[in-house]
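Student: Protein chains in written order, with the numbering used here: chain W, 16 to 128; chain D, 2 to 116.
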Amino acid sequence: AQTVTQSQPEMSVQEAETVTLSCTYDTSESDYYLFWYKQPPSRQMILVIRQEAYKQQNATENRFSVNFQKAAKSFSLKISDSQLGDAAMYFCAYFFGNEKLTFGTGTRLTIIP
Amino acid sequence: DSGVTQTPKHLITATGQRVTLRCSPRSGDLSVYWYQQSLDQGLQFLIQYYNGEERAKGNILERFSAQQFPDLHSELNLSSLELGDSALYFCASSPGQGAIGNTIYFGEGSWLTVV
Numbered sequence: 016a017q018t019v020t021q022s023q024p025e026m027s028v029q030e031a032e033t034v035t036l037s038c039t040y041d042t043s044e045s046d047y048y049l050f051w052y053k054q055p056p057s058r059q060m061i062l063v064i065r066q067e068a069y070k071q072q073n074a075t076e077n078r079f080s081v082n083f084q085k086a087a088k089s090f091s092l093k094i095s096d097s098q099l100g101d102a103a104m105y106f107c108a109y110f111f112g113n114e115k116l117t118f119g120t121g122t123r124l125t126i127i128p
Numbered sequence: 002d003s004g005v006t007q008t009p010k011h012l013i014t015a016t017g018q019r020v021t022l023r024c025s026p027r028s029g030d031l032s033v034y035w036y037q038q039s040l041d042q043g044l045q046f047l048i049q050y051y052n053g054e055e056r057a058k059g060n061i062l063e064r065f066s067a068q069q070f071p072d073l074h075s076e077l078n079l080s081s082l083e084l085g086d087s088a089l090y091f092c093a094s095s096p097g098q099g100a101i102g103n104t105i106y107f108g109e110g111s112w113l114t115v116v
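(1) Taking 8 Å as the cut-off, does the region 115 to 122 of chain W touch the region 16 to 27 of chain W (at least 3 CB pairs, one atom from each stretch)?
(2) Please name the residues in the region 106 to 125 of chain W whose beta-carbon is closer than 9 Å to at least one beta-carbon of chain B, in chain order.
(3) Anything in the region 54 to 78 of chain W with a Cβ closer than 7 Å to a Cβ of chain D? List those residues in chain order, please.
(4) Give me whichever residues DSSP pairs with Gln49 of chain D in a beta bridge.
(5) Secondary structure at Asp41 of chain W, three-state DSSP: helix, strand or coil?
(6) Taking all protein chains shown into account, do 16 or more other C-beta atoms lie within 10 angstroms of the C-beta of Arg27 of chain D, making it buried, or fewer, making it exposed?
(7) Mind listing the chain W neighbours of Gly29 of chain D? Cutoff is C-beta to C-beta under 9 Å, in chain order.
(8) Buried or exposed, going by whether 16 or more other CB atoms sit within 10 Å of the CB of Ala31 of chain W?
(9) I'd like to know if the region 51 to 68 of chain D and the region 87 to 94 of chain D are in contact, where contact means that at least 3 CB-CB pairs between them fall below 8 Å.
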């Protein structure tokens, strides 16, 4: 079974600085999707960024980018110029075919003003 | 706005009662997923439907059931409710297998409080 591991339960970063959240996963598949979701205090699940495994280029969405290392099965999220609104729980997730989304346990990110 | 609509947004009910949560997926999406998130907990997968058929089952209690209708909306039925069923219930949808740019979007969730 696929597993997703987020080894950092909590992280903090100074406002305007850069922070990287780690995620590793285990799969025997070659073509899959990886996601980062943000869950702010409102508890909405907001899609931050998506990576298709067959694409070598790392996905980027404004201040959010990923470092996708397929061989190492690593998928980290980098947040640049951190803002107070970035404070949230961040979940890494794996998706293959038409199966369920498998989530990591989440990393709680605190932004220090 | 993700395009996934969940109703009701908030629900308070008594133990032993039955409730129905409703989900309308994004236009064109064939897959619907239900997740449960208790306070300070991760997301627990309950069940998935694809084009009206049950596709996968997670840790869904026997007191819970779901279905996806021909118009692709889905309902999650929770019966004989217990205090521990109080949680945020998410619905999510995706186009389905083989879809280009397959992405899963979540609704805003239905907050269920059992008293």
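Ideal Cβ positions, reconstructed from N, Cα and C, are used throughout, including at glycine.
Note that this is a predicted model, so its numbers are computed, not measured.
Tutor: With the structure as the only source:
(1) Touching, yes, given that three or more Cβ pairs across the two stretches are closer than 8 Å.
(2) Among the protein chains in the structure shown, which are W and D, there is no chain B.
(3) Arg58, Gln59, Met60, Leu62, Arg65
(4) Mapped onto the second sequence, residue 49 of chain D falls at position 48. Answer is D:Tyr34, D:Ala57, bridged to Gln49 of chain D.
(5) The residue given as residue 41 of chain W occupies position 26 in the first sequence. Looking at Asp41 of chain W - three-state DSSP - the assignment turns out to be strand.
(6) By 1-based counting over the second sequence, the position of residue 27 of chain D is 26. Arg27 of chain D counts as buried, since no fewer than 16 other beta carbons sit within 10 angstroms of its beta carbon.
(7) Residue numbering aside, residue 29 of chain D sits at position 28 when the second sequence is read from its first letter. Simply none; closest approach about 15 Å.
(8) One-based indexing of the first sequence puts residue 31 of chain W at position 16. So Ala31 of chain W ends up on the exposed side.
(9) no
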